[in-house]
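Enquirer:
Residue numbers (my numbering), protein chains in the order written: chain A, 14 to 303; chain B, 14 to 295.
#1: Is it buried or exposed, residue 227 of chain B, if we count other Cβ atoms within 10 angstroms and call 16 or more buried?
#2: Is residue 140 of chain A helix, strand or coil by DSSP?
#3: Residue 147 of chain A bridges to which residues according to DSSP?
#4: Locate the alpha helix (DSSP H) running through residue 100 of chain B, then write down its first and last residues.
#5: For chain A, is any of its Cβ atoms less than 7 Å away from the one on residue 279 of chain B?
#6: Between residue 254 of chain B and chain A, is there a C-beta pair that is closer than 7 Å?
#7: Cβ closer than 7 Å: which chain A residues qualify as neighbours of residue 99 of chain B?
#8: From what residue to what residue does the alpha helix (DSSP H) around residue 267 of chain A run?
#9: Determine, using beta carbons only, whether residue 259 of chain B and residue 252 of chain B come nearer to each other than 7 Å.
#10: State the Cα-Cα distance for the pair residue 281 of chain B and residue 270 of chain B, rounded to the nearest angstrom.
#11: Taking a Cβ distance cut-off of 9 Å, strictly less, list which residues of the segment 107-123 of chain B are near chain A, in chain order.
#12: Enumerated in chain order, which unbroken segments of the alpha helix (DSSP H) with a length of 4 residues or greater are wholly contained in the segment 172-223 of chain A?
#13: State the start and end residues of the unbroken alpha helix (DSSP H) segment that holds residue 62 of chain B.
#14: Between the Cα of residue 161 of chain A and the Cα atoms of A:205, A:146, A:125, A:172, which residue gives the shortest distance?
#15: What does the Cβ neighbour count give for residue 177 of chain B, buried or exposed, with the cut at 16 atoms within 10 Å?
#16: Which class does residue 160 of chain B belong to by DSSP, given the choice of helix, strand or coil?
#17: Within a Cβ cutoff of 8 Å, which residues of the same chain sit near residue 169 of chain A, ignoring the five residues on either side of it in sequence?
#18: Does residue 30 of chain A have its Cβ less than 7 Å from a Cβ in chain B?
#19: When you check each C-beta in the segment 83-98 of chain B against every C-beta of chain A, which residues fall closer than 9 Å?
#20: Are residue 217 of chain B and residue 100 of chain B close, meaning C-beta to C-beta below 7 Å?
#21: Kindly say whether residue 52 of chain B, judged by its beta-carbon, lies nearer than 7 Å to any beta-carbon of chain A.
#22: Nearest-angstrom Cα distance between residue 43 of chain B and residue 146 of chain A?
#23: Residue 94 of chain A CB to nearest chain B CB: under 7 Å?
#24: Could you tell me how far apart the beta carbons of residue 233 of chain A and residue 292 of chain A are, in whole angstroms, since I believe they sit closer than 8 Å?
#25: Tell me the start and end of each unbroken alpha helix (DSSP H) in the segment 173-211 of chain B that is at least 4 residues and wholly inside, in chain order.
#26: Applying the 10 Å Cβ sphere with the 16-neighbour rule, what's the burial state of residue 55 of chain A?
#27: What does residue 237 of chain B reach in chain A if we use C-beta pairs closer than 9 Å?
#28: Which residue comes first and which comes last in the alpha helix (DSSP H) that contains residue 290 of chain A?
#29: For residue 29 of chain B, does the three-state DSSP call read helix, strand or coil?
#30: Taking only beta-carbon atoms, is residue 108 of chain A less than 7 Å away from chain B?
#31: Compare the C-beta of residue 301 of chain A with all C-beta atoms of chain B and state if any pair is closer than 7 Å.
#32: In terms of residue numbering, what span does the alpha helix (DSSP H) encompassing residue 222 of chain B cover?
#33: Short check: CB of residue 48 of chain A to CB of residue 110 of chain A, under 7 Å?
#34: Is it a yes or a no for the segment 114-128 of chain B touching the segment 199-208 of chain B, going by three-plus beta-carbon pairs under 8 Å?
#35: Near residue 172 of chain B, which residues of its chain fall below 7 Å by C-beta distance, leaving aside the five closest residues on each side in sequence?
#36: Do you know how far the Cα of residue 143 of chain A is from the Cα of residue 265 of chain B?
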């Protein structure tokens with residue numbers, strides 16, 4: 014029984030990993046707590062559902078959702094981040110939150126506030142090993158999440174594009190002096206982070222077979238927690254953090270009851286922040302915005 | 014004044030109190046994303062005191078504020094060791110933990126919510142709000158506010174110039190929490206009901222939103238921001254289901270156009286200048 018709980022925790026964690034990685038990219042590179050990420054998570058699941066209902070093939074529907082999320086992320090960059098990057102550090106947070114409210118309410122107006130059943134693409138999509146049940150959608154989530162993170166970490170450390178991103182994270186001014194086209198690079202980072210989040214939303218819909226306009230909030234906040242636990246700006250930290258949060262959540266439901274989840278998860282987070290603010294894998298920040 | 018207008022005014026009052034609770038720590042450079050937790054602390058303490066202990070409203074609500082303040086002092090000592098975004102996220106986690114604890118506390122009704130018998134009249138809410146606003150305005154004229162601005166602008170230099178940075182930060186954080194606790198106590202007694210689900214992250218984050226929208230550079234900012242946030246969605250009521258979407262568009266457009274917030278010292282000076290030129294004219 015406990016093995017089943019651990020499997021469930023890891024699978025839930027895989028989704029937090031994707032959201033946590035998005036947050037960590039936005040914070041680590043841009044120093045921007047991007048509150049539109051929970052909205053993009055919802056867009057991933059919701060747009061896929063709408064397009065599937067419209068009779069699209071599942072691959073096109075998912076592609077459409079990812080594309081929509083990327084477009085929205087470009088808008089967020091243009092209107093929330095770029096306009097206010099030289100003003101008080103909390104300012105982009107406000108307009109990114111504006112985007113979250115906008116996205117949720119657009120979804121609310123178009124599909125209503127009810128939870129919608131997401132169609133199971135393949136009936137009984139589960140693997141059974143002995144008495145353990147493992148959702149195939151969940152395995153796909155985990156594999157996709159890990160593959161993306163490995164790819165991201167190789168890209169950040171081995172390629173020229175990754176070096177450019179890291180130099181912007183180190184110091185934007187120096188990066189500009191060294192001839193990096195920051196105005197071109199930053200939108201790309203936004204798109205990356207949006208694709209990760211929206212994919213998380215799609216995988217969430219596939220695994221739990223439901224979408225709703227507010228599905229991003231709970232997961233988004235757990236994604237922030239995952240990012241902090243692992244250490245802000247550290248991609249592997251977000252992976253470890255996401256899996257730990259997923260496990261903590263599932264195990265506290267099992268042993269303490271569903272009402273205790275928030276106390277357990279956020280209490281853990283608070284304790285960790287006090288003892289080790291930089292997170293498990295993070296380094297203390299050299300400079301701080303916000 | 015119709016019932017609708019009075020109701021709106023009371024909601025405006027709660028939003029103004031919450032906005033000043035966020036503003037004080039923010040003036041010292043601390044972004045508190047857990048203000049709802051302190052409101053919950055005040056609301057439940059005050060409600061418990063009037064319901065079970067038979068305290069009067071006038072004693073219970075300040076006691077709720079004091080309870081939130083004590084909680085803030087206790088957590089401030091470990092929490093304010095961390096800065097910037099780490100602090101913001103620690104307060105975020107703290108807010109979640111506090112409301113989750115109340116959600117599980119059987120003695121105050123747990124998830125079913127807690128009935129409050131004593132009732133705070135709208136007039137009481139308005140008077141207390143006026144007192145809070147007056148208090149913050151008076152505070153903003155003192156050296157204390159100047160010290161907070163200094164800490165916000167440069168912690169190291171303020172420290173070098175002999176300010177007790179830690180004590181001032183803890184004080185700003187705790188006074189903010191007291192104000193939040195008073196607001197929470199009033200809220201519970203006005204609506205005769207307290208439920209932990211109301212004091213969510215969303216409430217905390219929205220409150221920060223009012224303050225930043227209004228502008229943090231002057232003491233007027235939170236007032237204007239809260240008024241704006243309460244009244245504009247009402248004006249957009251004609252938009253039906255679209256009103257919050259319209260409102261969000263409004264926020265995005267507004268922050269793109271004026272990232273420093275609505276009210277800034279420069280705006281204040283411009284208004285004063287306009288006032289003067291008008292006076293000079295015969």
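C-beta atoms are modelled at their ideal positions from N, C-alpha and C, and glycine is treated no differently.
Expert: In terms of the structure at hand:
#1: buried
#2: strand
#3: A:140
#4: 97-116
#5: no
#6: yes
#7: 286, 290
#8: 248-269
#9: yes
#10: 18 Å
#11: 107, 108, 109, 110, 112, 113, 114, 116, 117, 123
#12: 173-183, 185-190, 195-221
#13: 48-65
#14: A:205
#15: exposed
#16: helix
#17: 175, 178, 179, 248
#18: no
#19: 88, 91, 92, 94, 95, 96, 97, 98
#20: no
#21: no
#22: 47 Å
#23: no
#24: In fact, because the Cβ distance is near 18 Å, the residues do not count as touching under 8 Å.
#25: 178-204
#26: buried
#27: In chain order: nothing, as chain A lies at least about 14 Å away.
#28: Where residue 290 of chain A is concerned, there is no enclosing alpha helix (DSSP H), given that its DSSP letter is neither H nor E.
#29: helix
#30: yes
#31: Annotation note: pLDDT 45 at residue 301 of chain A (below 50); position unreliable, coordinate value reported separately. For residue 301 of chain A, the answer is yes, since a Cβ of chain B falls inside 7 Å of its Cβ.
#32: 214-227
#33: yes
#34: yes
#35: 178
#36: 53 Å
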